[in-house]
Amino acid sequence: MALLLTLLLAMPLSDDPPGSPPPDTLAALYAHNDPDGLEQLHARATLSLSDELLYRYRLYPLTLDTQYLDDLPDESDCQTARDFALLSALWAYRAGEAPPWKMPFYGMRSDALLDRARALDPDEPYVLLIAGQSLLYRPGIFGRSPEQALEHFERLRDVLRTHPAPGLSSFEPEVWVWYTLRTLDRPHTDRVRNRLLAQNPPPLFRQFLLDPP
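Here my numbering is used: the first residue of the sequence shown is 32, the next is one more, and so on.
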């Protein structure tokens with residue numbers, strides 16, 4: 032994986048048309064399930080609040096290291112819909128690590144942050160992704176809705192075609208759409224998975240398709 036990081040950091044832009052964005056190293060390392068590479072990139076970078084939140088959001092599920100949930104920024108430091116959505120996701124992760132008596136409080140904080148994100152920009156890619164994940168994984172008593180989650184992931188897929196987001200591969204919503212269809216027990220789920228596997232996805236997404244959580 033260290034070789035992957037070296038190659039990504041050295042990757043030339045000569046094959047891209049003028050004005051193209053640089054390769055998204057964070058997205059590539061995440062998709063290749065390379066937490067060591069992500070941690071190296073995180074340690075060597077000078078990060079804005081948005082970037083710090085994004086690295087934590089990507090590193091925690093790969094490592095389950097609760098250091099990424101410590102000392103979370105105050106919401107007063109957030110400026111954009113993406114900031115609020117990412118901070119919401121980190122509080123949701125923190126709720127999953129919390130003792131039962133703290134879980135509702137952390138969950139409500141996460142929901143309030145996500146509401147602020149939606150109010151600022153409901154079509155921001157990370158707002159759509161995190162809102163969809165929240166609707167898919169929250170307990171039924173707190174409003175779980177795979178149907179609404181599917182709508183968010185399908186909308187995310189459409190938005191990314193014209194508005195790419197850092198750290199977010201265009202393949203990722205495809206995987207979440209499939210997973211939600213599977214959760215809903217839709218009849219064409221296997222066909223969708225086979226189509227995605229035929230595209231030779233990177234390791235993290237391939238593993239997700241072959242052995243979903």
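Ideal Cβ placement from N, Cα and C applies to all residues, glycine included.
8 Å Cβ shell around residue i - same chain, five flanking residues per side excluded
i: proline 177; result: Leu166, Leu167, Thr211, Thr214, Leu215
i: arginine 175; result: Leu166, Leu167, Tyr168, Arg169
For residue i, the first and last residue of its enclosing alpha helix (DSSP H)
i: glutamine 230; result: Per DSSP, glutamine 230 belongs to no alpha helix (DSSP H) and is neither H nor E.
i: arginine 186; result: 177 to 191
i: glycine 68; result: 66 to 75
i: arginine 89; result: 80 to 94
i: phenylalanine 239; result: 234 to 241
Sequence-distant residues of its chain with Cβ nearer than 7 Å to residue i (five each side left out)
i: leucine 144; result: Glu106, Phe115, Leu118, Ser119, Trp122
Contact belief for residue i with residue j at Cβ below 8 Å, rounded distance in angstroms
i: glutamate 128; j: leucine 100; result: 7 Å
i: leucine 78; j: leucine 60; result: Wrong, their Cβ atoms sit about 15 Å apart, outside the cutoff.
i: tyrosine 124; j: tyrosine 91; result: 5 Å
Beta-carbon proximity check, residue i vs residue j, cutoff 8 Å
i: alanine 62; j: serine 200; result: yes
i: valine 190; j: leucine 159; result: yes
i: glutamate 205; j: arginine 192; result: no
i: leucine 240; j: arginine 224; result: yes
i: glycine 163; j: histidine 183; result: yes
i: threonine 97; j: proline 66; result: no
i: leucine 57; j: arginine 89; result: yes
i: alanine 148; j: tyrosine 137; result: no
i: proline 232; j: phenylalanine 202; result: yes
Cβ neighbours of residue i in the same chain (closer than 6 Å, five flanking residues each side left out)
i: arginine 140; result: Trp122
4 or more residues per run - each alpha helix (DSSP H) lying fully within the region 111 to 136: If we require 4 residues or more, the alpha helix (DSSP H) runs fully inside the region 111 to 136 come out as 112 to 128.
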